[in-house]
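Structure first, commentary second.
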Amino acid sequence: TYVDSKRDDTNEPLGTSAKHLYHATLDWKATQKFSTFIKVSGEKDRWRNNDDLDYYKDYYVFDLGSSYKLADNITFHARVNNLLDKDFTSTTTYTDSTNTLQEAYDYNLAQKRREFWLSMQVTF
């Protein structure tokens, strides 16, 4: 998705808005009982609204999951979020316009590290 957001007063992008958002999922139903998917999502050119550092770092995240239907009413699900265990807590040190050393987040995201999910769905 291409986003062209601008503030009327400064003509700059809206704070933390990305110019490009992307999301793609590939689903595969291997058998009547087993299915799997891989998903990628991310943002590119996300405006920081900072005079010294214009943009946050671009990022992408992969998620992987599968389902197994044990019976007509019982399905097991497994999922790994942030498959590559990307760390979004890194920072950059820079000197601002007043010659003061500053530190800023590279991503400014609440994205978590790798997570594992297991669930069982029972219908009746």
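Residue numbers are given in my numbering: position 77 of the sequence shown equals residue 78, and the series is strictly consecutive. Even for Gly, the Cβ is constructed at its ideal location relative to N, Cα and C.
- Taking a 10 Å sphere around the C-beta of TYR61, we find fewer than 16 other C-beta atoms and assign the residue as exposed.
- For TRP118, the enclosing beta strand (DSSP E) stretches over residues 116–123.
- PHE35 is the residue among THR94, ILE75, PHE35 whose C-alpha sits nearest the C-alpha of TYR69.
- Leaving aside the five residues that flank LYS113 on each side, the residues in its chain whose CB is nearer than 8 Å to its CB run, in chain order, ASN82, ASN83.
- Annotation: ARG80 to PHE38 spans about 9 Å, alpha carbon to alpha carbon.
- Bounds of the beta strand (DSSP E) holding ASN82 are 75–82.
- In this structure PHE77 does not touch LEU85 by the C-beta definition: roughly 24 Å separates them, more than the 8 Å allowed.
- Rounded to whole angstroms, the gap between the alpha carbons of TRP29 and THR99 is 55 Å.
- Distances from the alpha-carbon of GLU44 to those of ASN74, LEU27, TYR23 put TYR23 closest.
- Under the DSSP definition of a beta bridge, PHE89 lacks any partner.
- Per the DSSP secondary-structure output, ASP28 pairs in a beta bridge with PHE38.
- Taking each of THR11, THR26, ARG49, ASP10 in turn and checking the Cα distance to THR93, the smallest one comes out for ARG49.
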